[in-house]
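*Asks:* This is the structure I have questions about; it appears just below.
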Amino acid sequence: MASIPKAAPQPIPRIAPREDLNPLRIAQIQFDIAAEYLKLDPGIRQILRTPKRVLEVSVPTKMDNGQIKVFTGYRVQHNVSRGPAKGGLRYHPNVTLDEVKALATWMTWKTATVNIPYGGGKGGVICDPKRMTKSELERMTRRYTSEILPLIGPEQDIPAPDVYTDAQTMAWIMDTYSMTKGYSALGVVTGKPLSIGGSEGRTEATARGCVVATEEACKTKKMSLRGATVAIQGFGNVGSLAARLFTEKKARVVAISDSRGGVFNSRGIDPLKAMRYKERSGTVVGMPGTSRISNDDLLTMKCDILVPAALENVITLNNVEQIKAKMVVEGANGPTTPHADEVLARKGILLLPDILANAGGVTVSYFEWVQDLQSFFWSEAEVNTKLESVMRRAFQQVHDMARKHRAHLRTGAYVLAVGRVADATLVRGLFP
Ligand code: NAD
16 MASIPKAAPQ PIPRIAPRED LNPLRIAQIQ FDIAAEYLKL DPGIRQILRT
66 PKRVLEVSVP TKMDNGQIKV FTGYRVQHNV SRGPAKGGLR YHPNVTLDEV
116 KALATWMTWK TATVNIPYGG GKGGVICDPK RMTKSELERM TRRYTSEILP
166 LIGPEQDIPA PDVYTDAQTM AWIMDTYSMT KGYSALGVVT GKPLSIGGSE
216 GRTEATARGC VVATEEACKT KKMSLRGATV AIQGFGNVGS LAARLFTEKK
266 ARVVAISDSR GGVFNSRGID PLKAMRYKER SGTVVGMPGT SRISNDDLLT
316 MKCDILVPAA LENVITLNNV EQIKAKMVVE GANGPTTPHA DEVLARKGIL
366 LLPDILANAG GVTVSYFEWV QDLQSFFWSE AEVNTKLESV MRRAFQQVHD
416 MARKHRAHLR TGAYVLAVGR VADATLVRGL FP
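Shown next, in the form of structure tokens:
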């Protein structure tokens, strides 16, 4: 397979000299670049640049001490031209409406990149889940669900886990929705426990997709994944399972981190031991046989593959010149700013963009929804095989598009995805 050509200069719209880190502005800049390549009509640009629906809700919750606390939550649907809105639910103190809008926008492009019949949505609640008990989280989740009830449903908008939400959160949402409707609606959320219509392979799907996309990228770089050194920022669902799967492919995970800091061992870190250690101590920091590093050190250390798998805006103009990895695989959504993208391309560092690299999660969410709607469930091997073929095909299509436009892979993915959504919007026509 031919190697990826050096990126041609990209027409980045001018932004303030200091980098603008607002995720919505970033999502719109990424869209504008693709819209230029596609020469989209100004009307279509306006439609695709802004979310279709935004709901803000108050979530009054009784805390364990008897007091009531009112949380703010959001659900955003960016676009539904190709199918129901689809996207995760985030619990984090730094959630903002602009972040949720950006994440919903990225979901539209992600589902289009892997060509599954969904649009894009996202939800968030401003809260600190680490300081809440399980029963407080349950009451908050159920009330949030009832507040966003008019928007969600198997044919409308289907939430899934994201940062600090998990299969249990999805079970509470599914139960609240089902109790209100009077029947069990398996297809209202994905990422559920297996006992209520979850899919085999969903928990590790995002990580598995990352690793498959990395394998494909390695082929184009004529680089071997076997023996490659990997540094992973964020040791949650995506990061910890990516560490395990990279290790299964005989790559060497030399550094991992979480919100409290990172650890390093040049001979490799055993991901299963790290998971057990984190489960006991709440962090990877202090894991025996490792030395401590900061999250900043992890990002700029010498390694073959860097996987940001935590939050947005971690590779910016502040540190991009110091990035030494040969490849950046975006496990997280939005970890790299548009200006940092250009610097990485100039340095010859291959970046696998989020809307491709972490699309394995939503792909198996789609499989879960299909299984729920048909009440017919697949084996883990079937799920993994189908996931791999979707990821390999998407990588190839993104790579071909990037080559065609002599652009880097993010632009290739955006041109592919935005083109698909624009086509769907145009062929449907404007209502009324
Ligand atoms: P998670 O809550 O399971 O894990 C997040 C991890 O990031 C935790 O280990 C946390 O300690 C760490 N973290 C938080 N703040 C950090 C910081 N400042 N520095 C370093 N580490 C920090 O979340 P997740 O589901 O693994 O999601 C991680 C990223 O992947 C997010 O950007 C999310 O949107 C994206 N993503 C997740 C999925 C999925 O299926 N879960 C799918 C696609 C994309």
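Here the sequence shown is numbered in our numbering, starting from 16 and rising by one per residue. No residue lacks a Cβ here, since even glycine has one placed at the ideal position from N, Cα and C.
(1) Counting only the same chain and skipping the five closest in sequence on each side, list residues whose C-beta sits under 7 Å from that of residue 34.
(2) Between which two residues does the beta strand (DSSP E) containing residue 438 stretch?
(3) In terms of residues, what are the limits of the beta strand (DSSP E) holding residue 37?
(4) Work out the CA separation of residue 186 and residue 195 for me, nearest whole Å.
(5) What residues match up with residue 490 in a beta bridge as DSSP calls it?
(6) Under 8 Å, with one C-beta from each stretch per pair, do the stretch 294-301 and the stretch 338-345 reach the 3-pair mark?
(7) Is it the case that the CB of residue 273 approaches a heavy atom of ligand 1 more closely than 7 Å?
(8) Are the beta-carbon atoms of residue 240 and residue 231 separated by less than 8 Å?
(9) Within its chain, find whatever has a CB closer than 8 Å to the CB of residue 433; leave out the 5 residues flanking it on each side and keep chain order.
(10) In the DSSP assignment, what residue or residues form a beta bridge with residue 77?
(11) Between residue 45 and ligand 1, is the CB less than 7 Å from at least one heavy atom?
(12) Go through its chain and collect everything with a Cβ distance to residue 141's Cβ below 7 Å, but skip five positions before and after it.
(13) Which ranges would you report for the alpha helix (DSSP H) in the stretch 339-379 if only whole runs of at least 4 residues count?
(14) If we count the other Cβ atoms within 10 Å of its Cβ and call it buried at 16 or more, is residue 242 buried or exposed?
(15) Return yes when at least one heavy atom of ligand 1 lies under 7 Å from the C-beta of residue 52, else no.
(16) For a test of your reading of the model: does the CB of residue 39 fall under 7 Å from any non-hydrogen atom of ligand 1? Yes or no.
(17) Can you tell me the Cβ-Cβ gap for residue 375 and residue 223, rounded? I've got them flagged as a contact below 8 Å.
(18) Can you determine whether any heavy atom of ligand 1 sits closer than 7 Å to the C-beta of residue 103, and answer yes or no?
(19) Is residue 446 helix, strand or coil by DSSP?
(20) For residue 371 and residue 80, what's the separation of their Cα atoms in angstroms?
(21) What number of angstroms, rounded off, separates the C-alpha of residue 28 from the C-alpha of residue 117?
(22) Are the CB atoms of residue 437 and residue 413 nearer to each other than 8 Å?
(23) Which residues does DSSP pair with residue 107 in a beta bridge?
(24) Specify the secondary structure class of residue 31 as computed by DSSP and reduced to three states.
(25) Return the residue from the list 349, 348, 320, 325 that minimises the CA-CA distance to residue 338.
(26) Roughly how far, in whole angstroms, is the beta-carbon of residue 379 from the beta-carbon of residue 398, given that I think they are within contact range, below 8 Å?
(27) Cβ of residue 182 within 8 Å of Cβ of residue 174?
(28) Would you please state the rounded distance, in angstroms, between the beta carbons of residue 165 and residue 200? I believe it to be under 8 Å.
(29) In chain order, what residues of the same chain lie with their CB nearer than 7 Å to the CB of residue 447, ignoring the 5 residues before and after it?
(30) Measure the CB-CB distance between residue 89 and residue 136 and report whether it falls below 8 Å.
(31) Could you tell me whether the Cβ of residue 436 comes closer than 8 Å to any Cβ of chain D?
(32) Got a sec: does ligand 1 put a non-hydrogen atom nearer than 7 Å to the Cβ of residue 347?
(33) Could you give the DSSP three-state label for residue 100: helix, strand or coil?
(34) Since residue 38 and residue 349 should fall inside the 8 Å C-beta cutoff, what is the C-beta to C-beta distance between them, to a whole number of angstroms?
(35) Apply the 10 Å Cβ neighbour rule to residue 83 and answer buried if 16 or more other Cβ atoms are within range, or exposed otherwise.
(36) DSSP three-state call for residue 279: helix, strand or coil?
*Replies:* According to the data block:
(1) 331, 332, 352, 354
(2) That residue, residue 438, is in no beta strand (DSSP E); its alpha helix (DSSP H) goes 424-443.
(3) Element bounds for residue 37: n/a, residue is neither H nor E.
(4) 14 Å
(5) A query on residue 490 cannot be resolved here, the shown segment of the chain reaching from 16 to 447 and no further.
(6) no
(7) yes
(8) no
(9) 46, 49, 50, 53, 55, 63, 124, 127
(10) 83
(11) no
(12) 86, 87, 108, 110
(13) Runs found: 353-361, 369-372.
(14) Looking at its Cβ environment, which holds fewer than 16 other Cβ atoms inside 10 Å, residue 242 is exposed.
(15) no
(16) no
(17) 5 Å between Cβ atoms; contact.
(18) yes
(19) coil
(20) 44 Å
(21) Its pLDDT being 47, under 50, residue 28 is placed unreliably by the model, and the measurement read from it follows with that caveat. The alpha-carbon atoms of residue 28 and residue 117 are separated by roughly 17 Å.
(22) no
(23) 141
(24) Residue placement at residue 31 cannot be trusted, given a pLDDT of 42 that sits under 50; what the coordinates show is reported in the next sentence. Reduced to three states, the DSSP call for residue 31 is coil.
(25) 320
(26) 6 Å
(27) no
(28) Actually they do not touch by this definition, with Cβ atoms about 15 Å apart.
(29) none
(30) In this structure, residue 136 does not lie closer than 8 Å to residue 89 by Cβ.
(31) As a matter of chain content, chain D is missing from the structure shown, which is built from one protein chain.
(32) yes
(33) Correct three-state label for residue 100: strand.
(34) 5 Å
(35) exposed
(36) strand
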